[in-house]
Every structure is written in C-alpha cells, then in structure tokens.
Amino acid sequence: MAPVTHKPLLATVLGQRQERPPIWIMRQAGRYLPEYRQTRAQTGGFLELCYTPELAVEVTLQPLRRFDLDAAILFSDILVIPDALGQSVRFATGEGPLLDPLDEKGIDGLDRDRAIAHLAPVFETLRRLRAALPPEKTLIGFCGAPWTVATYMLGGRGSPDQWAARRFALEHPQAFDRLIDILVDTSIDYLAAQFEAGADVVQLFESWALNLDDASFFRQVMDPNRRIVEGLRQRVPDAPVIGFPRGAAGNLRRFSEATGVNALGIDFATPIDFVNAHLPPELAVQGNLDPLRLVVGGEAMERQARAIIEGFANRPHIFNLGHGIVPETPIAHVERLVELVKGG
Ligand code: CP3
Numbered sequence: 024m025a026p027v028t029h030k031p032l033l034a035t036v037l038g039q040r041q042e043r044p045p046i047w048i049m050r051q052a053g054r055y056l057p058e059y060r061q062t063r064a065q066t067g068g069f070l071e072l073c074y075t076p077e078l079a080v081e082v083t084l085q086p087l088r089r090f091d092l093d094a095a096i097l098f099s100d101i102l103v104i105p106d107a108l109g110q111s112v113r114f115a116t117g118e119g120p121l122l123d124p125l126d127e128k129g130i131d132g133l134d135r136d137r138a139i140a141h142l143a144p145v146f147e148t149l150r151r152l153r154a155a156l157p158p159e160k161t162l163i164g165f166c167g168a169p170w171t172v173a174t175y176m177l178g179g180r181g182s183p184d185q186w187a188a189r190r191f192a193l194e195h196p197q198a199f200d201r202l203i204d205i206l207v208d209t210s211i212d213y214l215a216a217q218f219e220a221g222a223d224v225v226q227l228f229e230s231w232a233l234n235l236d237d238a239s240f241f242r243q244v245m246d247p248n249r250r251i252v253e254g255l256r257q258r259v260p261d262a263p264v265i266g267f268p269r270g271a272a273g274n275l276r277r278f279s280e281a282t283g284v285n286a287l288g289i290d291f292a293t294p295i296d297f298v299n300a301h302l303p304p305e306l307a308v309q310g311n312l313d314p315l316r317l318v319v320g321g322e323a324m325e326r327q328a329r330a331i332i333e334g335f336a337n338r339p340h341i342f343n344l345g346h347g348i349v350p351e352t353p354i355a356h357v358e359r360l361v362e363l364v365k366g367g
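In my numbering, the protein residues as written are 24 to 367.
What follows is the structure in structure tokens.
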C-alpha cells in the first residue's frame, strides 16, 4: 500500500499501521520539564503563555528537543474557549483552573461573536509551528469536547464527579442545551481555523465522559462530539480527528460509530482485549499506558508498555498514555519509554 503521507503518526490516524507504533505523550509540554517551569516563571499568567505565540511555540517544542516524539501538540488549554466566550477563567498555582460558575443568565451572556478573534494568537502559534517542524512530524491541534468544557463552566472548577454540571443538565435542560450548542458551534469554527493555520489532525478531549447513564452519555457526550466532527468536515473535508472519550467504557464502540472519528484514544482502565473484541481491526487506537507507571518506571512501566505494543500489534496503533503525564514524572523514565517504543 502506498503511504498516504510521510508523517508516520498522521498515517496511523488515517488507518495505516506502522512497523513500530508512533508515539506522543498526552500533556507532553508541562510542569515535569524544568525548561517549561522556567518559561512559565518568566511569564505573567498561564493564559498569557497560551496567547503569546513566541512563548507557546517555545514550550510546544521543548519536549521534542528532548525526546524522539512523532508529534507536537499545540500548547494551549481546553479552557481558552470559555475565556474567549467572555467567562472569567483563572489558573491559580497548585489549585488548577477557577471559573466564575455560569447560571442560566450567564449562558445567555456568552459572546460567540468575539470568540474566534480572541483566539487569533493560537492560530499564529500554529502557523509558526508548521514552519518550524520537520516534515515527518505531525502537528496536533485540539479543543475540549463540549461536555468536558461545560463541566468546568458550570462547576467553576474540576470535580471528581462533575456533580454541578450533571445536575444542571437535568434541572435546566433548555439552558444546558443552549450552552452545548454554543460550544459545538464555537469548537467547529475554532478547529476549522486550526486546520487552516497548519494543524494535521485534531484531538477532541472528552476527559469527563464518566459517570453518565445511557441517555446522558448520548445527549452530553456522543451527540455533541458527532456534531463537531460532522460540522468540521463540512468546512475541512476529511479532517482527521482523534476522539478521546475518557471513561466511555462499554460505550466506546457506539461512540466511535456515531462520531466517525478516525482514531480513538483509549484510557488506561479499558482492557486491551476488550478494545480488540469490540472495535473493528482497521480502526486506529491511541493509548493506553497508566501515567503512574511512567512515574514509577522500571519493570512496572516496561512490562505494561510491551503488553500494549503486542496487544495492539494487529491494528493501526499510536502509543500514548491513557491520560495526561503528571508533574512528578522523572524525565529519565520518559526517555526510556520512547526508546522502548522505538524498538529498544
Ligand atoms: O503538551 C500539552 O499537551 C500542553 C497543552 C495542554 C494543556 N492542557 C496545558 C496545560 C493540553 C492539551 C491541555 C488539555 C487539558 N486542559 C485537559 C484535557 C486533558 C486532560 O488532562 O484530561 C483538561 C481537563 C484541561 C484543564 C486544565 N488545565 C486543568 C485541570 C489544569 C490544572 C491541572 C493540570 O493538569 O496541570 C490545567 C492547567 C494546565 N494546562 C497546565 C498546562 C501545562 C499547567 C498550568 C501551569 O503551568 O501552572
């Protein structure tokens, strides 16, 4: 089969298995890197870092200077969308994101007209990255999927069970649906502009696809992801998309069929044989090492990394973690993991 592209990671997303799985690491730019902490300390706030192309390009490229990764992921955050819509978003050190929680009136006050102009620096970052990256590297853009972004907008912060947002969705169904509509439309504009600026593929982070019954999963996760993929492909034909419905469990196959994503991110709690039994062998998957194994390293990491490579040997596979890398991860363990995946 002739290669569809000479970028191994993008080719895998498009369904062409590579001899060794290409690798990127979820949240690969960030606080486990001393050079990131240094850039961050020299910058006013986290959002300023996201909106200053010179600095965002620098921190995007930092992990690629250290490790032989197959992709760069745009340095930004899923919460630039609420910020762009006019909701107050702050990143307090050590506390994670803090937002002024939205009520029904707040939803009506969101300003979609200003959002894409507000995000112009992100597109400039992508254009500069496109020019800076070697041709074999894949450039990944992203946004948060609507439900995950809504959990922060309605709850005001991260929460283990997304209680505030789940309750709001049931108690105020019309206002909730209006919020999801705004997020779907804004995300389509945002991702289409990311492709125009040079992204090869985008990932939809649905980090909180957990804790939902069938009807809520359909309404809050599956349908908004489907509408984004469909709307995006009307603007960017055949746009390659990676879905990541973390915690979708028994709903994985339904999610992949309904949304039409090219590749599916697999969280680390999902068994490899379950994936192979329920997802068609031509569908690309991405994952799924527990980030904790990367913290611990040694046999705890290497045994499972090998099991993942073998387990996904008969389908297109992108090696990744099953959720984001954590700040206490030793750099030597990341070096070893990349070496192992590349065949060492
Ligand atoms: O290389 C990269 O992936 C960097 C780009 C990136 C960031 N956030 C930078 C960031 C990406 C792709 C994200 C995604 C993101 N952000 C998600 C989805 C992935 C996931 O982990 O589930 C979510 C839920 C968020 C929201 C968010 N942003 C949280 C909960 C936090 C605080 C805790 C944490 O993970 O650090 C952030 C802040 C944030 N986003 C940091 C970085 C590097 C740390 C900010 C700092 O420097 O203080």
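C-beta atoms are modelled at their ideal positions from N, C-alpha and C, and glycine is treated no differently. From a predicted model like this one, the values you see are computed outputs, not experimental measurements.
### Query
In the DSSP assignment, what residue or residues form a beta bridge with Val361?
Val361 pairs with nothing; no bridge assigned.
### Message
With a threshold of 7 Å on Cβ separation, who are the neighbours of Ala323 within its own chain once the five nearest residues in sequence on each side are excluded?
### Response
Arg316
### Message
Is the beta carbon of Val145 closer than 8 Å to that of Val112?
### Response
no
### Query
Mapping DSSP to helix, strand and coil, what is Gln85?
helix
### Query
Taking only runs of the alpha helix (DSSP H) that begin and end inside the region 266-305, which ones reach a length of at least 4 residues, in chain order?
275-282, 295-301
### Message
I'd like to confirm something about Gly132: is its beta-carbon nearer than 7 Å to some heavy atom of ligand 1, or not?
### Response
no
### Task
Would you give the residue range spanned by the alpha helix (DSSP H) that Leu152 belongs to?
143-155
### Query
Is the beta carbon of His356 less than 8 Å from the beta carbon of Gly310?
no
#### Entry: Where the alpha helix (DSSP H) through Gln327 begins and ends
321-334
### Task
Could you spell out where the beta strand (DSSP E) holding Leu177 opens and where it closes?
It is not in any beta strand (DSSP E) - Leu177 instead sits in the alpha helix (DSSP H) that spans 169-178.
### Message
Just to confirm my understanding: we take Asp100, look at its own chain, exclude 5 residues before and 5 after, and list those with CB closer than 7 Å. What are they?
### Response
Cys73
### Task
Whole angstroms is fine: what's the gap from Pro45's alpha carbon to Thr35's?
8 Å
#### Entry: Span separating the alpha-carbon of Leu363 from that of His29
22 Å
### Task
Label Val368 either buried or exposed according to how many other C-beta atoms from any shown protein chain fall within 10 Å of its C-beta, with 16 as the threshold for buried.
Given a span of 24 to 367 for the chain in the structure shown, any question on residue 368 remains unanswerable.
### Task
Mark Asp91 as exposed unless 16 or more other C-beta atoms lie within 10 angstroms of its C-beta, in which case mark it buried.
exposed
### Query
Looking at the structure shown, is Val259 part of a helix, part of a strand, or coil, going by DSSP?
coil
### Collapsed DSSP secondary structure at Asn343 in the structure displayed
strand
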